[in-house]
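Engineer: Counted the way my numbering counts, the sequence shown spans residues 35 to 118. Quick one: the structure is below, questions incoming.
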Amino acid sequence: MPNHSDSGSDWDDDVPTVPAPKILMVGRVVRDYIPESNKYLTLFQDELVYVFKQSSDVDPKCWEGETRGEYGVFPPEYIEKIAT
35 MPNHSDSGSD WDDDVPTVPA PKILMVGRVV RDYIPESNKY LTLFQDELVY VFKQSSDVDP
95 KCWEGETRGE YGVFPPEYIE KIAT
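This is how it looks when you write it as structure tokens:
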């Protein structure tokens, strides 16, 4: 059991760190996308999407990204690029 009372000792020392994904671009949703499957992100017009990958293992036609704190895949035709 980790000793939390030692100064300088971190009880998460055994947990590997995972680097944050690199943001390829930021997009704005141009129209709502309500998917039929929970494998895909729901997108609402005018929200921002952070794109991390311009392909996906779930669907090669989709991109991977994050919006509203949710990570998932979405069809790229629903966003327009606003920044890289």
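All C-beta atoms, glycine included, are put in the ideal place defined by N, C-alpha and C.
1) Going by DSSP in three states, Glu114 sits in which element: helix, strand or coil?
2) Going by alpha carbons, who is nearest to Arg65 out of Ile57, Glu81, Val85 and Ser71?
3) Specify the secondary structure class of Phe78 as computed by DSSP and reduced to three states.
4) Can you tell me which of the three DSSP states Glu70 falls into?
5) Could you give the residue range of the beta strand (DSSP E) that holds Arg62?
Structural biologist: In short, the structure shows the following:
1) As a first step, residue 114 is located in the sequence shown; it is residue number 80 there, counting from the start. Residue state, collapsed to three classes: strand.
2) The sequence position of residue 65 within the sequence shown is 31, counting from 1. Taking only the C-alpha atoms, the option nearest Arg65 is Glu81.
3) Within the sequence shown, residue 78 is the residue found at index 44, counting from 1. The answer is coil: DSSP assigns Phe78 none of H, G, I, E or B.
4) In the sequence shown, the residue the question calls residue 70 occupies position 36. In this structure, Glu70 counts as coil in the three-state DSSP scheme.
5) Locating residue 62 in the sequence shown gives position 28, counting from the first residue. Note, Arg62: beta strand (DSSP E), Met59 to Val63.
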